[in-house]
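In my numbering, the protein residues as written are 19 to 277.
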């Protein structure tokens with residue numbers, strides 16, 4: 019799998035609800051390089067998820083444009099350029115772990131779309147510790163294991179761009195920490211472009227190549243930080259002075275633009 023370049027130019031969005039206007043985004047400019055891991059960081063209501071949906075072609079901007087390797091979001095969606103990992107795993111309850119991971123990839127393959135091979139999917143399943151749960155159903159899994167299935171399913175589609183909307187928000191802190199490193203391992207194996215929405219500063223730092231800090235409504239890019247930590251990243255890195263300095267800088271950015 020290869021990633022894709024995502025270009026966002028002058029994107030703005032206003033929602034009309036019961037006669038009231040809510041300015042969700044204004045003047046968002048951002049280019050995400052092929053294979054890059056970028057986090058969108060900010061509090062609730064700053065437009066992170068709205069921007070993610072605009073990138074994925076799920077909603078239209080009022081102004082501006084988005085392109086994926088030069089094509090518009092709708093063309094990119096038709097070409098299966100996007101994978102999505104939402105906040106809730108959204109697994110099909112009557113399908114096993116193996117079937118939940120493979121059935122969308124199989125549909126894509128039947129439609130002539132590129133997906134990872136069965137052997138490659140099996141490798142990813144083993145990598146995230148699901149080997150013994152291949153024939154289990156979602157109700158038999160913990161929340162953390164369900165999210166592992168969702169992660170593998172997102173990558174198994176073979177999409178160049180993976181959109182992740184706070185996928186670890188419902189997990190306890192220990193499970194969430196494990197999930198971060200599982201995600202990094204999957205990403206390193208595939209080379210996809212990842213756009214990751216989060217409220218967590220440490221999470222954004224340990225995962226990302228760059229962190230985009232979004233200002234309060236109307237959402238806009240207020241600051242951008244390159245994360246100069248070595249890869250591959252491990253939990254030990256969270257004790258390093260460089261990690262804490264990145265956290266400090268981002269916390270200061272958020273204070274400046276949200277107080």
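Beta carbons are placed, not taken as given, at the ideal position from N, Cα and C, and that holds for glycine.
- Here residue 67 is buried, its C-beta having at least 16 other C-beta atoms within 10 Å.
- Per the C-alpha coordinates, the member of 229, 199 and 234 positioned closest to residue 254 is 199.
- Counting along the chain, residue 193 sits inside the alpha helix (DSSP H) bounded by residues 191-208.
- In the DSSP annotation of this structure, the continuous segment of the beta strand (DSSP E) that includes residue 30 starts and ends at 24-35.
- Burial check for residue 271: the Cβ neighbour count within 10 Å reaches 16 or more, so the residue is buried.
- Taking 8 Å as the upper bound for CB-CB distance, residue 26 and residue 73 are in contact here, some 7 Å apart.
- When the alpha-carbon of residue 56 is set against those of 23, 43, 63 and 85, the nearest one is in 23.
- Just measuring C-alpha positions, the residue of 257, 235, 145 and 228 sitting nearest residue 245 is 228.
- With respect to the 7 Å criterion, residue 99 and residue 179 are classified as neighbours on the basis of their beta carbons.
- Around the beta-carbon of residue 232, 16 or more other beta-carbon atoms lie within 10 Å, marking it buried.
- The shortest C-alpha to C-alpha distance from residue 264 to any of 276, 242 and 252 is the one to 242.
- Look at residue 252 here: in three-state DSSP terms it is coil, with no helix or strand label.
- As computed with DSSP, residue 70 is found in no beta bridge at all.
- Taking a contact to require three or more Cβ pairs closer than 8 Å, the region 143-156 and the region 83-92 do not qualify as touching.
- Straight-line measurement puts the Cα of residue 176 at about 17 Å from the Cα of residue 93.
- Within the same chain, no Cβ atom closer than 8 Å to the Cβ of residue 266 is found once the five residues on either side in sequence are excluded.
- Contact between residue 28 and residue 82 is confirmed by a C-beta separation of about 4 Å, below the 8 Å threshold.
- Annotation: the continuous alpha helix (DSSP H) that includes residue 261 extends over 259-276.
- Taking a cut-off of 8 Å for Cβ pairs, the region 189-209 and the region 154-170 touch, as three or more such pairs fall below it.
- In terms of CA proximity to residue 252, 221 leads the group 221, 234 and 275.
- Around the Cβ of residue 259, a 10 Å sphere holds fewer than 16 other Cβ atoms; the residue is exposed.
- Here residue 211 is near residue 52, since their CB atoms are less than 7 Å apart.
- Here residue 192 is exposed. Its C-beta has fewer than 16 other C-beta atoms within 10 Å.
- Under the DSSP assignment, residue 82 falls in the beta strand (DSSP E) whose first and last residues are 81-86.
- Shown here, residue 228 sits in a strand according to DSSP, grouped into three states.
- When DSSP states are grouped into helix, strand and coil, residue 48 belongs to the strand group.
- With contacts defined as CB atoms closer than 7 Å, residue 174 and residue 119 qualify as a contacting pair.
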